[in-house]
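Presented below is the structure to which this report refers.
There are 4 protein chains.
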Amino acid sequence: MYISESKLTARYAETDQMGIVHHSNYPIWFEVGRTDFIREMGMPYSEIEKSGAMLPLIGLKCTFKSHVGYEDRVIVRTKIKEYNGIRLTFYYEIVREDDSSVITTGETEHAWTTCSLKPVNLRKYRPDLHEILVKAIEK
Amino acid sequence: MYISESKLTARYAETDQMGIVHHSNYPIWFEVGRTDFIREMGMPYSEIEKSGAMLPLIGLKCTFKSHVGYEDRVIVRTKIKEYNGIRLTFYYEIVREDDSSVITTGETEHAWTTCSLKPVNLRKYRPDLHEILVKAIEK
Amino acid sequence: MYISESKLTARYAETDQMGIVHHSNYPIWFEVGRTDFIREMGMPYSEIEKSGAMLPLIGLKCTFKSHVGYEDRVIVRTKIKEYNGIRLTFYYEIVREDDSSVITTGETEHAWTTCSLKPVNLRKYRPDLHEILVKAIEK
Amino acid sequence: MYISESKLTARYAETDQMGIVHHSNYPIWFEVGRTDFIREMGMPYSEIEKSGAMLPLIGLKCTFKSHVGYEDRVIVRTKIKEYNGIRLTFYYEIVREDDSSVITTGETEHAWTTCSLKPVNLRKYRPDLHEILVKAIEK
């Protein structure tokens, strides 16, 4: 199964008064990972949306095991956990770049929809995208 | 059990190119709800932090059932789901202000810590806060 | 001249590791003020956009005189500084709710455009909106 | 004079319902540029803060000339515009990575302070940092 790696450096604006990256940034970092994963699969998500398919979230889970601070460097590891043509679940692991210790893990569950947010079965609606996903899972 | 209600209007900056509030804002809206809940319990969280106790997240879950757009008005309903002196879980329901339809539900799990992020048992570390929480649950 | 007032409470997510609200939030607070100003003029900005006119920023200025922290309450005072049918400049003053001391002042300059971001003269493109603005300035 | 270059890809969360990166993200992108500039000068800003000096904003200006969308790649060019020991002004230019067309320019004015936000003259308070800045300007 394909795993993408995205390198990020914590921004000052992402810290909070606890002196660590605020938890609301992890869903955004997951999204950066997901964007890289999809682009590396062969079709940028920006083009997928322009071509009429969308992938809104229906669920989000994060487990916070440790924390990072300003200028700390992390890697977001992204892979597909489940896919059935209708729903797609990504799994993420955010680790420190220096010692690979795990900071946060999480998953996002998505539904494929039209651009007016109507759910679709990708197998029929967009067999080209379905094929790309199936290949990414089998890699 | 006490339930607080926080009124919010979706900000333009909170929307994304799908034309809806981006999912990463819901953890922030939960936090607004949690802040109001804790203040209404009798001790603002800003004072709790100054007095040496912190409540960082260890887990986050969201289920996205519908979506809202710019200027839509919502209510965040917040309550305590579980508390054992060491860990505290809040449950949230975000509903439209006009028809009370549910947009997002979620929960955040927290650990009580010192200001250097060392876990503590609130029962011993801060019996005053522990009492306030127990009363909020029994209300 | 009309001045709107918007009440806000600083969110935890808006703080940074300096323990104060991060400066990037002030443009968002200005936007909250602008949204309230426009709604109070008689036509919500969400409806203006749906009706085919947009108001993207072409300039932004902020002067930071003091700072606020988590749970601090502020008021955003918004008014129109300049308007000539093509460009529109808002002026903002963010003050503490308790003592009215000034935290931040700023202005945003906007151009009226079509929904494909082509500049227009509102006097001809949307005389109805032009009238509403002129009335808000004369109030 | 030294100019740093920081590469960024627009995040989905940074877009708004106009389909472009929301203007409030540019101050954050400036900050990413400033962080890289300072690190490349020889002392990461995260260490500067730990060592007792801070650089809060006192002014911000942005001019928006064009816009970028999701997954667009940009470069933030950062340099020092003015420095007198007490105040420091950075100038930024954000350009598209593909054709170098200018998206946004801006500047941020800062005051050097102690960690309790009291203004200081860096020449006396921290001659080591003062020297590093003077060298970056003369480069």
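Protein chains in written order, with numbering that gives the first Met the number 0: chain A, 0 to 138; chain B, 0 to 138; chain C, 0 to 138; chain D, 0 to 138.
Yeah, the Cβ is synthetic: ideal placement off N, Cα and C, and Gly gets one too.
Under 8 Å Cβ-Cβ, which residues of chain C neighbour residue i?
i: A:Tyr69; result: Gln16
Identify, in the order they occur along the chain, each residue of the same chain with its Cβ nearer than 8 Å to the Cβ of residue i, setting aside the five sequence neighbours on each side.
i: A:Lys80; result: Thr88, Phe89, Tyr90 and Glu106
i: D:Arg10; result: Tyr69
i: C:His22; result: Cys61 and Phe63
i: A:Asp15; result: His21
i: D:Leu121; result: Ala52, Gly84, Ile85, Trp111, Leu128, His129 and Leu132
i: A:Asp97; result: Arg72
So, helix, strand or coil for residue i, using DSSP?
i: C:Gly51; result: coil
i: D:Tyr1; result: coil
i: B:Ile148; result: In the structure as shown, chain B begins at 0 and stops at 138. Residue 148 of chain B is therefore absent and cannot be evaluated.
i: A:Cys129; result: Sequence inspection shows His at residue 129 of chain A; the Cys mentioned does not correspond to that position. A:His129 falls in the helix class under three-state DSSP.
i: B:His22; result: helix
i: A:Gly84; result: coil
i: D:Arg122; result: helix
i: C:Ala135; result: helix
i: C:Ala9; result: coil
i: D:Val31; result: helix
i: A:Tyr69; result: coil
i: B:Glu39; result: helix
i: A:Glu46; result: helix
i: C:Glu106; result: strand
i: B:Lys78; result: strand
i: A:Glu96; result: coil
Looking only at its chain, what residues have a beta carbon closer than 6 Å to the beta carbon of residue i, apart from the 5 residues adjacent to it on each side?
i: D:Gly51; result: Cys114
i: A:Phe36; result: Ser3 and Thr77
List the residues of chain D whose Cβ lies closer than 8 Å to the Cβ of residue i, in chain order.
i: A:Arg72; result: Going along chain D, no residue has its Cβ under 8 Å from A:Arg72, so there is no contact; the nearest lies around 11 Å.
How would you list, in chain order, the residues of chain B whose beta-carbon sits under 7 Å from the beta-carbon of residue i?
i: D:His216; result: The first residue shown for chain D is 0 and the last is 138, placing residue 216 of chain D beyond what the model contains.
i: A:Met53; result: Met17
Could you check how far apart the C-beta atoms of residue i and residue j are, in whole angstroms? I think they sit under 8 Å.
i: A:Ile2; j: A:Lys78; result: 5 Å
i: B:Thr103; j: B:Lys64; result: 7 Å
i: D:Val75; j: D:Arg95; result: Wrong, their Cβ atoms sit about 12 Å apart, outside the cutoff.
i: C:Leu128; j: C:Ile57; result: Not really, about 18 Å apart at Cβ, beyond 8 Å.
i: A:Ala110; j: A:Arg86; result: 6 Å
i: C:Pro55; j: C:Leu116; result: 6 Å
i: D:Thr112; j: D:Val119; result: 6 Å
Give the residues of chain B in contact with residue i, contact being defined as C-beta atoms less than 9 Å apart.
i: C:Thr34; result: Thr8, Arg10, Tyr11, Tyr69 and Glu70
Whose CA, out of the options, lies closest to the CA of residue i?
i: A:Ile27; options: A:Val119, A:Asn83, A:Ile93 and A:Asp71; result: A:Ile93
i: D:Lys123; options: D:Gly41, D:Ser100, D:Gly84 and D:Thr14; result: D:Gly84
i: A:Glu13; options: C:Leu7, C:Lys6 and C:Asn24; result: C:Asn24
i: B:Phe29; options: B:Tyr44, B:Arg86, B:Ser5 and B:Lys117; result: B:Ser5
i: A:Arg125; options: A:Thr34, A:Ser45, A:Thr8 and A:Met53; result: A:Met53
i: D:Val31; options: A:Gly32, A:Ser100, A:Thr8 and A:Asn120; result: A:Thr8
i: A:Lys49; options: B:Glu39, B:Met17 and B:Ser45; result: B:Met17
Taking residue i as the query, report the chain C residues whose CB atoms sit under 9 Å from its CB, ordered along the chain.
i: D:Leu56; result: His22, Cys61 and Phe63
Give me the chain B residues within the contact set of residue i, using Cβ-Cβ distance strictly less than 8 Å, ordered along the chain.
i: A:Pro26; result: His22, Ser23 and Pro26
i: C:Ser115; result: Correct list: empty, because the minimum Cβ distance to chain B is about 15 Å.
Using a cut-off of 7 Å between C-beta atoms, extract the partners of residue i located in chain A.
i: D:Val31; result: Arg10
Can you find the residues in the same chain that come closer than 7 Å, C-beta to C-beta, to residue i, ignoring five residues on each side of it along the sequence?
i: C:Ile136; result: Met0, Ile79 and Tyr82
i: C:Gly41; result: Ile131
i: A:Lys138; result: Met0 and Tyr1
i: C:Glu39; result: Ser3
i: C:Thr34; result: Tyr44
i: D:Ser99; result: none
Whose Cβ in chain A lies nearer than 8 Å to the Cβ of residue i?
i: D:Ser3; result: By Cβ distance, chain A contributes nothing, its closest Cβ being about 14 Å from D:Ser3, past 8 Å.
i: D:Pro43; result: Glu70
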